[in-house]
Every structure is written in C-alpha cells, then in structure tokens.
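Report on the structure given below.
In full-length UniProt numbering, the protein residues as written are 1 to 123.
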C-alpha cells in the first residue's frame, strides 16, 4: 500500500469534512458548542482515523481504525437528525453530507472486509 493520501476512502473523508463544516455553518451560532462542534469533530475523526490506521502497517490494526472511522461516520449521521428534527437545518442542507456518509459507509465496510480477509492465512 502507498500513502494513506492515495486511499479513496481518505480522499472522500476529506470531502466529508468539508461537507460537515458547510452543513454545520448553516446551524445557528447558539449551537457553536453543541451540534456544530460535535458535527465538525465527528467529520474530522473519519479521515484522521483512516490515516492513523494506514500508518500502523498492519491489516488488523488498520481494520480496527477503519471500524473507529465507521463509528464516527455513524455518529455524524446521527448528529444530523436533531438538527433536522428541530428545524435548525433543512433536508436540502443535509443532502450533500448524507450522500457522502452513505458512500463512505459502504466503502469503509468493504475496506474492513478486505483487510480482515488479508489477515487470514490461506487454506
């Protein structure tokens, strides 16, 4: 494997961070230390964990960090809900972020599966 920067999941993770920040900027200033901050931290956590896992040079370790990234992705998906539920943002505001979450979720699950297969000895 090359650099983590070459990984498609990391590149999409960076897009996710941008979309997360753009979405959180739609929220009122009163959410600066609430949903806004949580959304931003969850989004940043995704590519950060992918990069950290890739740097471990071990498939089992990378798989574990990819699982953590997936957990952060699920957290981000969940954090969008209250913003929509109480009318702090619109479905249209959330659409680009939700699309990236869905895409990256599938890709991370596939990566985890590949990493776990690579870790098993051939029979």
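All residues carry an ideal CB built from backbone N, CA and C; glycine is no exception.
Computed from a prediction, not measured in an experiment: that's the story for all the values here.
Residue burial classification, residue i (beta-carbon count within 10 angstroms, cutoff 16)
i           : result
residue 55  : exposed
residue 33  : exposed
residue 46  : buried
residue 106 : exposed
residue 17  : buried
residue 86  : exposed
residue 118 : exposed
residue 72  : buried
residue 92  : exposed
residue 2   : exposed
For residue i, the three-state DSSP class (helix, strand or coil)
i           : result
residue 87  : coil
residue 3   : coil
residue 65  : helix
residue 47  : helix
residue 109 : helix
Residue i - containing alpha helix (DSSP H), residue span
i          : result
residue 58 : Element bounds for residue 58: n/a, residue is neither H nor E.
residue 18 : 8-24
Among the options, nearest to residue i - alpha-carbon criterion
i           : options        : result
residue 50  : 78, 43, 62, 36 : 62
residue 78  : 35, 29, 113    : 35
residue 110 : 92, 8, 40, 48  : 8
Proximal residues to residue i (C-beta, below 6 Å), its chain only, five neighbours per side dropped
i          : result
residue 64 : none
residue 43 : 16, 17, 20, 76
Other residues of its chain near residue i: CB distance less than 7 Å, five sequence neighbours each side excluded
i          : result
residue 94 : 23, 80, 84
residue 38 : 79
residue 89 : 23, 26, 27, 83
residue 4  : 10, 50, 51, 54, 55
Nonlocal neighbours in the same chain, by C-beta distance under 8 Å from residue i, ignoring five residues either side
i           : result
residue 15  : 100
residue 112 : 63, 66, 67, 70
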